[in-house]
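This report concerns only the one structure given below.
In the numbering used here, the protein residues as written are 1 to 257.
If you want it as structure tokens, here you go:
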């Protein structure tokens, strides 16, 4: 059995404050030492299956009033059997991690804020009902606005339910978003001060998903309770240099009368 570091309430609260910046030596970070930044997107192998997504010029997504979206935002744990279209999925991915501008090798501007423009997340998708896509695990490539097929998973719905501690609605959604963190992207600039801002950045991403769902008649529910090892195995990440930090199933919902 793996040993785990001791956790105290005092330690946890300390990392929620900004006192950590008073003790971090920012002159010794990887950035200050002139080391190259981690890539802003995980590479893919040349033989990967890539699916190009519709973009803002081609997708069919109805406009949505922002005030209405904010007012109607709520967590949904029941979904209809209706699939998402590829246009709708592309829109949700753009809304949560889309790239607006590439600045240089160390930074891109996206549709969500991130501390120091570091954007430590990769977006994985467990797809069950999306038009023209087979079931399986995919990863979003924001620089290309494309998907890469990661792997097929037998009985994917059951794996999702088990990995989220029996929360069956994750396996009943049309698609479940699973965000992993690559801490090194943020640590490159902020060292030990990274962990609070990584958690804050995750919240920015998921709130955009909530609001974007309102535009397409869908809903979501943010999940932070899951079996870490099972989720990381499902995604095929090592659990150390990259690991899941947040989950959000998405599906069409029955609107209130």
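A virtual CB, placed ideally from N, CA and C, is assigned to each residue, including glycine.
All of these numbers come straight from a predicted model, not from anything done at the bench.
*asked:* Starting from residue 99, trace the beta strand (DSSP E) in both directions and tell me its first and last residue.
replied: 99-104
*For residue 234 versus residue 119, is the C-beta distance shorter than 7 Å?*
no
*Keeping to the same chain, check which residues put their C-beta closer than 7 Å to that of residue 269; ignore five residues upstream and five downstream.*
Residue 269 lies beyond the residue range present for the chain, which begins at 1 and ends at 257; the question has no answer from this structure.
*Buried or exposed (CB count within 10 angstroms, at least 16 for buried), residue 164*: The Cβ neighbour count for residue 164, taken over all protein chains shown within 10 Å, is at least 16; the residue is labelled buried.
*Confirm, please, whether the CB-CB distance from residue 135 to residue 128 is below 7 Å.*
Between residue 128 and residue 135, the C-beta gap is smaller than 7 Å, which places the two residues in contact.
_residue 75 - partner residues in DSSP beta bridges_ = 220
*For residue 24, which beta-bridge partners are listed by DSSP?*
None; residue 24 has no bridge partner.
*asked:* Contact defined as beta carbons within less than 8 Å: I believe residue 210 pairs with residue 73. What is the distance between those atoms, to the nearest angstrom?
replied: 5 Å
*Are residue 108 and residue 99 close, meaning C-beta to C-beta below 7 Å?*
yes
_Classify residue 66: buried if its beta carbon has 16 or more other beta carbons within 10 angstroms, exposed otherwise._
exposed
_Taking DSSP's pairing of strands, which residues face residue 178 in a bridge?_
124 and 247
*Does the segment 17-34 touch the segment 181-190, meaning 3 or more C-beta pairs lie closer than 8 Å?*
Contact holds: three or more Cβ-Cβ distances are below 8 Å.
*Taking contact to mean at least 3 C-beta pairs separated by less than 8 Å, is the segment 200-219 in contact with the segment 141-154?*
no
*asked:* Output needed for residue 116: all residues of its chain with C-beta closer than 6 Å, excluding positions within five of it in sequence on either side, in chain order.
replied: 189
_Distance between residue 212 and residue 61 (C-alpha atoms, nearest Å)_ = 10 Å
*asked:* Short of 7 Å in beta carbon distance, which residues of its chain neighbour residue 17, apart from the five on each side in sequence? Order them along the chain.
replied: none
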